[in-house]
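In the working numbering, the protein residues as written are 7 to 372.
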């Protein structure tokens with residue numbers, strides 16, 4: 007049952023809905039209801055689970071799991087029907103720790119088909135926050151549509167009195183129908199802010215303001231029902247692939263890391279490797295260099311990122327960094343390692359030519 011929102015005339019009104027609300031199907035408002043339905047844009051909401059859809063078990067307070075469908079979410083979001091006609095697709099219902107790149111690829115196929123509909127203005131994806139930035143970044147480099155695609159979630163479960171899902175869904179729907187949001191790529195909408203999928207990171211474990219874009223800041227905000235953009239994202243790059251190269255892994259390098267970890271990874275027959283180097287330009291222990299040369303000789307592309315949340319990897323300065331560049335390691339630019347992995351999975355699905363892979367990284371992560 008859908009609820010419509012509009013003021014009563016003085017002296018009128020249904021006492022069962024005293025605050026300017028009228029239940030859908032009330033004959034007195036049928037014409038108004040039809041007019042509103044026709045005039046509103048259409049947004050398709052893809053529900054995937056996550057904390058935003060989670061409920062606590064009666065027998066175990068503070069323990070929650072995904073439970074609400076997309077329709078169940080909307081039932082808790084008073085006011086959404088004033089923004090858009092919302093169609094729901096229940097894609098899955100999982101914690102985002104179980105989301106995989108292959109699932110995201112399939113989700114993007116369905117989103118692409120949806121965006122091709124002339125009656126659809128935009129798409130909203132509700133998602134767990136653990137890998138929200140991963141899914142949205144991968145979608146950003148797979149989808150070419152100018153129509154808005156907005157990813158959102160919640161830091162509190164739907165059982166919590168502090169549930170932030172309502173605001174985030176309302177803001178995401180507002181962004182999905184906003185003309186200024188067209189052509190901006192996939193965006194993440196959390197806590198009233200809009201972030202470019204390429205730039206955003208979850209930087210706090212539990213705060214509603216967990217998502218930030220280090221070094222760049224948000225693209226804009228959703229405030230009082232309006233989308234205000236302060237900047238546009240960098241040039242967008244979308245790639246057409248039918249599959250992803252799954253055998254790409256990440257190694258996080260720390261002080262004194264054992265090179266045997268790298269040896270074991272290469273022994274598994276991986277097809278691509280991303281190294282998260284030390285803070286700064288991404289320096290590595292010198293013991294890693296012989297195995298990196300072995301990987302390069304076996305045509306395994308190696309991408310280097312930095313632990314630093316801002317700044318770029320370049321092969322200048324210290325002799326160790328210059329030698330890494332001469333070995334053929336690909337700089338990950340300012341991409342964090344987990345996003346560089348996704349980009350390498352896409353690049354390897356498109357080409358095995360190293361120069362082409364290098365040019366893809368130079369374009370997306372200059």
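Heads up, the beta-carbon is just placed ideally off N, CA and C, and yes, glycines get one too. All values derive from a computational prediction rather than experimental measurement.
Item	Value
Local Cβ density within 10 Å of residue 119, reported as buried at 16 or more and exposed below that	exposed
Rounded C-alpha distance that separates residue 132 from residue 269	39 Å
Beta-carbon proximity of residue 265 to residue 293, cut-off 8 Å	yes
Beta strand (DSSP E) segment containing residue 367, residue limits	Where residue 367 is concerned, there is no enclosing beta strand (DSSP E), although the alpha helix (DSSP H) it sits in stretches over 360-370.
Closest by C-alpha distance to residue 235, when choosing among 180, 273 and 260	180
For residue 118, the first and last residue of its enclosing beta strand (DSSP E)	Per DSSP, residue 118 belongs to no beta strand (DSSP E); it is in the alpha helix (DSSP H), 107-121.
Integer-rounded CB distance, given that residue 190 should sit under 8 Å from residue 238	6 Å
Rounded C-alpha distance that separates residue 365 from residue 218	28 Å
Simplified DSSP state of residue 333, which is helix, strand or coil	helix
Chain C within 8 Å of residue 293, Cβ atoms only	Looking for chain C here will not work: only one protein chain is present.
Reduced DSSP category for residue 204 - H, G, I as helix; E, B as strand; rest coil	coil
Buried or exposed by the 16-neighbour rule on C-beta atoms within 10 Å, applied to residue 1	Only positions 7 to 372 of the chain appear in this structure, which leaves residue 1 out of reach.
Other residues of its chain near residue 215: CB distance less than 7 Å, five sequence neighbours each side excluded	197
Neighbour-count burial assignment, residue 352, 16 or more Cβ in a 10 Å radius	buried
Buried versus exposed call for residue 201 [16 or more other C-beta atoms within 10 Å across all chains shown]	buried
Cβ neighbours of residue 220 in the same chain (closer than 8 Å, five flanking residues each side left out)	205, 207, 209, 315 and 316
Cα-Cα separation, residue 335 to residue 277	14 Å
Distance between residue 305 and residue 228 (C-alpha atoms, nearest Å)	46 Å
C-alpha gap between residue 65 and residue 257, whole angstroms	40 Å
Residue interval of the beta strand (DSSP E) (run including residue 71)	66-72
Contact set for residue 330: own chain, Cβ-Cβ below 8 Å, skip 5 residues either direction	290, 295, 298, 310 and 321
Inter-residue spacing [alpha-carbon to alpha-carbon] between residue 302 and residue 333	7 Å
Within the region 303-354, ranges of the beta strand (DSSP E) (whole runs, at least 3 residues)	308-312
Contact between the region 55-63 and the region 90-105 (3+ Cβ pairs under 8 Å)	yes
Among 105, 81 and 241, nearest to residue 94 - alpha-carbon criterion	81
Between the CA atoms of residue 106 and residue 249 - distance to the nearest angstrom	13 Å
Residue 62 versus residue 327: straight-line alpha-carbon distance, rounded	50 Å
Whole-Å CB distance - residue 169 paired with residue 160, under 8 Å assumed	6 Å
Start-end ranges of the beta strand (DSSP E) lying completely within the region 191-274, minimum 3 residues	192-196, 199-202, 226-229, 232-235 and 254-258
As assigned by DSSP and simplified to three states, the class of residue 160	coil
C-alpha gap between residue 313 and residue 275, whole angstroms	25 Å
Chain-order list of residues whose beta-carbon lies under 8 Å from that of residue 212 (same chain, five-residue window excluded)	161
Assumed close pair residue 271, residue 255 - CB separation to whole angstroms, cut-off 8 Å	6 Å
Contact set for residue 72: own chain, Cβ-Cβ below 7 Å, skip 5 residues either direction	55, 56, 59, 60, 99, 100 and 101
Distance between beta carbons of residue 184 and residue 154, contact taken as under 8 Å	7 Å
Proximity winner among 89, 124, 109 and 116, relative to residue 140 (alpha-carbon distances)	109
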